[in-house]
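Everything below concerns the one structure shown next.
2 protein chains.
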Amino acid sequence: MRASTGNGDQEQDRDGGGRPRAGRRGPRPAGAATISRVAEAAGVSRATVSRVMNGSPTVSPELVARVRAAAEALDYAPSPAARRLALGRTGTIALIVPDLGNPLFQGVLRGLSQAAGKAGRQLLVAESDEDPEEEVILALEARRNSDGLVLASPRAPAERLCSIGERLAPFVLVYREVPGLGAPSLSIDNAAGVRDLVAHLTGLGHRRLAYLAGPPGSAGNAERLAALRAAAPGLELTVLPCGSMFDDGHAAAPAVVGCGASAVVGFNDMVASGALTGLRELGVGVPEDVSITGFDDIPFARYTTPPLTTVSIPKSELGRQAWERLWALMNGESGGYNVRYQPRLLVRGSTGPAPSR
Amino acid sequence: MRASTGNGDQEQDRDGGGRPRAGRRGPRPAGAATISRVAEAAGVSRATVSRVMNGSPTVSPELVARVRAAAEALDYAPSPAARRLALGRTGTIALIVPDLGNPLFQGVLRGLSQAAGKAGRQLLVAESDEDPEEEVILALEARRNSDGLVLASPRAPAERLCSIGERLAPFVLVYREVPGLGAPSLSIDNAAGVRDLVAHLTGLGHRRLAYLAGPPGSAGNAERLAALRAAAPGLELTVLPCGSMFDDGHAAAPAVVGCGASAVVGFNDMVASGALTGLRELGVGVPEDVSITGFDDIPFARYTTPPLTTVSIPKSELGRQAWERLWALMNGESGGYNVRYQPRLLVRGSTGPAPSR
DNA sequence: GGCTTATGAGTAACCAGTTTCTAACATCGG
DNA sequence: CCGATGTTAGAAACTGGTTACTCATAAGCC
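Okay, structure coming up:
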């Protein structure tokens with residue numbers, strides 16, 4: 001025999017003595033009890049053991065007790081792998097995010113994890129690293145190993161999502177809406193958030209704004225930018241390429257100074273915080289010289305100096321709701337309509353009156 | 001002979017005029033192709049299809065082509081559930097953390113997710129919510145659905161872990177060492193980190209320290225506190241119960257002022273940041289009046305005002321290493337010895353000379 | 001008391017793969 | 001030309017549960 005089968009399993013004793021079947025191959029988790037052994041020990045059929053383990057009411061109390069005792073004695077627990085195959089469900093749901101380092105997705109992760117955990121479901125997590133095609137592959141793969149999917153802020157183009165939508169179902173979209181797709185989506189009214197921010201800033205007398213743009217593939221970034229353009233007909237707007245992390249914002253500080261804006265609208269709280277620190281390092285007063293706003297209200301935003309004016313979005317709530325929707329879909333219900341959460345403006349210390357020129 | 005040969009051929013309708021078989025039960029994912037259908041289409045046996053799908057070299061090129069074509073035509077992909085059962089492995093690893101909202105664990109999550117993803121493994125995540133017994137149950141459950149575990153900062157008592165250690169294997173411990181346990185651990189030399197901090201603070205003339213304590217169950221907290229007590233024989237140390245989140249630190253600010261310490265050692269960066277903001281709100285100058293240090297070096301620590309002096313630990317590296325160790329263990333190798341990472345002191349702006357009384 | 005109905009539990013057919021064994025066939029050496 | 005050896009691919013036995021049938025028994029009814 002060629003050694004091609006040597007897949008890591010240590011064939012302990014393949015001795016010529018030939019005991020019945022010492023250790024066939026890998027599967028056996030070291031003598032774990034099987035349903036057959038329990039059935040034998042209790043003197044009943046495998047079907048009866050299965051019924052007892054699943055709490056079927058059609059078993060006599062006496063047998064229930066016997067099976068329970070045998071299962072206990074053998075330390076038996078049904079094999080999840082076998083149940084998956086037999087039942088056709090996994091007891092697992094999956095979450096795909098572009099970036100696990102982003103508090104936005106961490107919030108969804110937490111909410112989803114807790115809601116799914118409470119319902120006794122396990123959670124598979126995968127990070128697509130902002131790569132659209134990778135994301136599609138991960139999603140398909142994850143879906144095959146779960147009963148349902150939550151796609152957070154998917155970077156894949158709408159038509160690509162539609163083309164695989166059927167194989168992804170049931171699934172829920174978070175932080176994005178895709179019209180043609182037959183999946184409920186939970187999203188943020190980015191335009192409303194931006195309008196609130198702009199109203200706040202113009203109310204303070206700001207006329208020259210800079211926008212620290214998020215990642216190019218982000219739908220949220222596109223919406224926020226579009227809303228900013230729409231909301232600011234009489235304003236002067238400079239768009240600075242930036243990113244989504246602290247360092248991106250920090251690195252953009254000189255450009256902010258260079259463009260002469262009196263107020264900076266950050267794509268999110270991280271770039272805003274980074275820019276805030278960067279500006280102060282350059283000797284720019286916040287908010288005396290320049291006002292700064294963020295987006296998302298990450299836990300940290302309250303603890304910058306000065307605290308960041310931002311727009312709050314219910315991150316964990318999205319996770320919880322995503323579970324609710326997914327649960328409904330998995331039960332064949334409708335999953336409900338799309339929801340757009342209204343963000344809430346939080347005015348803190350990083351914004352102030354525009355400096356009189 | 002009994003009908004035991006009924007290997008997958010569906011005797012479509014044996015019922016009296018009933019419909020073919022509308023929807024037997026759950027399993028069928030709406031007409032997904034099975035290995036039997038592919039075998040039939042290609043005119044070969046199921047065994048051959050299996051061999052082709054797994055790249056076995058013992059199939060003639062002609063058959064390989066035929067099977068490939070049939071699989072392609074039917075859009076066939078092997079059922080992960082069936083493979084799990086047949087192979088006895090899941091292609092999945094699991095991570096248990098006490099709190100998904102903590103950047104410390106997010107770092108491990110990221111590192112692990114990326115390393116496992118690169119190796120084509122999926123990642124199951126569960127949050128124990130700081131509850132020791134819950135954690136044990138989650139770990140056992142997660143282990144049964146995966147090939148290996150990473151336990152981050154487990155809250156469960158050492159003897160409890162030892163008692164279930166065998167059923168958890170293979171697994172790796174992160175942020176904690178448990179002597180009796182036969183699992184490699186990747187931990188931080190908390191004592192060294194604390195010593196560095198204390199040396200730095202005493203070098204600046206501080207003699208009265210306050211420690212913002214972490215969660216009671218945390219092993220890291222116990223180590224840091226013990227090291228602090230040991231490192232400060234000539235110092236006055238006040239221990240303030242606190243927690244691990246921003247708000248905990250913020251709420252502790254008045255107590256800090258009350259105890260008269262000139263330097264605050266936070267359990268981690270979050271409580272330190274919270275305290276920093278709280279102190280400044282109370283009119284206390286940092287670092288002029290009070291110095292503050294954190295621990296962990298979360299991404300945010302660089303962006304507080306002033307930036308936080310802290311001790312850096314390689315969070316993502318721990319995740320990557322955890323994967324390496326787990327991978328070795330899953331292959332029957334040793335998994336290597338325990339590793340204690342040496343943290344690195346980062347002096348930033350939140351610490352300064354002790355005020356002359 | 002015989003017939004119908006309920007009930008409890010066993011039999012065997014699934015779920016969808018993997019792998020051992022075995023048999024047929026081709027190749028090679030003597 | 002025949003036996004030994006080497007390949008290939010199929011048959012069938014697994015992986016460990018679930019559940020549709022089936023059947024025996026007991027209870028209910030007339």
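Chains as they are written, first to last, in the UniProt record's numbering: chain X, 1 to 357; chain L, 1 to 357. Built from N, CA and C at the ideal position, the CB exists for glycine as well.
{"Check": "Ala69 of chain X burial status per 10 Å Cβ neighbour count (16 or more: buried)", "Outcome": "exposed"}
{"Check": "9 angstroms Cβ cutoff, Thr351 of chain X in contact with chain L", "Outcome": "no"}
{"Check": "C-alpha distance - Ser36 of chain X paired with Val67 of chain X, whole-angstrom precision", "Outcome": "12 angstroms"}
{"Check": "Pair within 9 angstroms by beta-carbon distance, Gly274 of chain X and Pro98 of chain X", "Outcome": "no"}
{"Check": "Beta carbon proximity, Val125 of chain L to chain X, threshold 9 angstroms", "Outcome": "yes"}
{"Check": "Local conformation of Pro27 of chain L per DSSP, three classes", "Outcome": "Per-residue confidence for Pro27 of chain L stands at a pLDDT of 43, beneath the threshold of 50, marking its modelled position as unreliable; the derived number appears in the next sentence. Reduced to three states, the DSSP call for Pro27 of chain L is coil."}
{"Check": "Beta-carbon proximity list for Phe267 of chain L, same chain, < 7 angstroms, skipping 5 on both sides", "Outcome": "Leu212, Ala213, Gly214, Asn221, Arg224, Cys242, Ser244 and Phe295"}
{"Check": "Under the three-state DSSP convention, the category Ala22 of chain L falls into", "Outcome": "Residue placement at Ala22 of chain L is flagged as unreliable, the pLDDT there being 32, under the threshold of 50; a coordinate-derived value is accordingly withheld."}
{"Check": "Option nearest Gly101 of chain X by Cα separation, candidates L:Val108, L:Ile96 and L:Leu95", "Outcome": "L:Val108"}
{"Check": "9 angstroms Cβ cutoff met for His250 of chain L and Tyr303 of chain X", "Outcome": "yes"}
{"Check": "For Ala94 of chain L, the three-state DSSP class (helix, strand or coil)", "Outcome": "strand"}
{"Check": "Every unbroken alpha helix (DSSP H) within the region 200-252 of chain X, with a cutoff of 4 residues, ordered by chain", "Outcome": "219-231"}
{"Check": "Same chain, Cβ closer than 7 angstroms to Val59 of chain L, neighbours up to 5 away in sequence not counted", "Outcome": "Thr48, Arg51 and Val52"}
{"Check": "Local conformation of Thr48 of chain L per DSSP, three classes", "Outcome": "helix"}
{"Check": "The region 327-335 of chain L in contact with the region 163-172 of chain L per 3-pair CB rule at 8 angstroms", "Outcome": "yes"}
{"Check": "CB of Leu345 of chain L within 9 angstroms of CB of Thr305 of chain L, strictly", "Outcome": "no"}
{"Check": "First through last residue of the beta strand (DSSP E) which encompasses Ala152 of chain X", "Outcome": "Leu149 to Ala152"}
{"Check": "Delimiting residues of the beta strand (DSSP E) encompassing Thr310 of chain X", "Outcome": "Thr310 to Ser312"}
{"Check": "Close-in-space but distant-in-sequence residues of the same chain around Leu240 of chain L (CB under 8 angstroms, 5 per side omitted)", "Outcome": "Ala210, Tyr211, Leu212, Ala213, Ala252, Ala255, Val256 and Cys259"}
{"Check": "Below-9 angstroms beta-carbon distance, Leu276 of chain X vs any chain L residue", "Outcome": "yes"}
{"Check": "Per-residue contacts from Leu228 of chain L into chain X (C-beta, under 8 angstroms)", "Outcome": "None at all; the shortest Cβ gap to chain X is about 24 angstroms."}
{"Check": "Nearest-angstrom beta carbon gap, Leu197 of chain L and residue 358 of chain L [assumed within contact, 8 angstroms]", "Outcome": "Outside the modelled stretch of chain L, which goes from 1 to 357, sits residue 358 of chain L, for which no answer is possible."}
{"Check": "Interface residues of chain X facing Arg280 of chain L [CB-CB closer than 8 angstroms]", "Outcome": "Thr305"}
{"Check": "Cutoff 9 angstroms: Leu318 of chain L Cβ touching any chain X Cβ", "Outcome": "no"}
{"Check": "C-alpha gap between Pro103 of chain X and Ala231 of chain X, whole angstroms", "Outcome": "27 angstroms"}
{"Check": "Residues sharing a beta bridge with Val67 of chain L, DSSP", "Outcome": "Answer is none; Val67 of chain L lacks a bridge partner."}
{"Check": "Integer-rounded CB distance, given that Leu168 of chain X should sit under 8 angstroms from Arg143 of chain X", "Outcome": "5 angstroms"}
{"Check": "Backbone CA spacing between Ala301 of chain X and Arg320 of chain L [nearest angstrom]", "Outcome": "29 angstroms"}
{"Check": "Inter-stretch contact (C-beta, 8 angstroms, three-pair minimum) for the region 122-142 of chain L and the region 150-161 of chain L", "Outcome": "yes"}
{"Check": "Element boundaries [beta strand (DSSP E), containing Gln122 of chain X]", "Outcome": "Gln122 to Glu127"}
{"Check": "Contact set between Phe171 of chain L and chain X, taken where Cβ atoms lie within less than 8 angstroms", "Outcome": "Under the 8 angstroms cutoff, chain X gives no residues; its nearest Cβ is about 14 angstroms from Phe171 of chain L."}
{"Check": "Residue-chain proximity (Met53 of chain L, chain X), Cβ-Cβ < 9 angstroms", "Outcome": "no"}
{"Check": "For Tyr341 of chain X: DSSP bridge partner residues", "Outcome": "X:Ile188"}
{"Check": "Classification of Gly234 of chain X by the beta-carbon crowding that lies within 10 angstroms, buried from 16 upward", "Outcome": "exposed"}
{"Check": "Partner residues on chain L for Asn145 of chain X, Cβ-Cβ distance less than 7 angstroms", "Outcome": "Pro80 and Gln122"}
{"Check": "Separation of Glu166 of chain L from Ala71 of chain X, as counted between CA atoms", "Outcome": "19 angstroms"}
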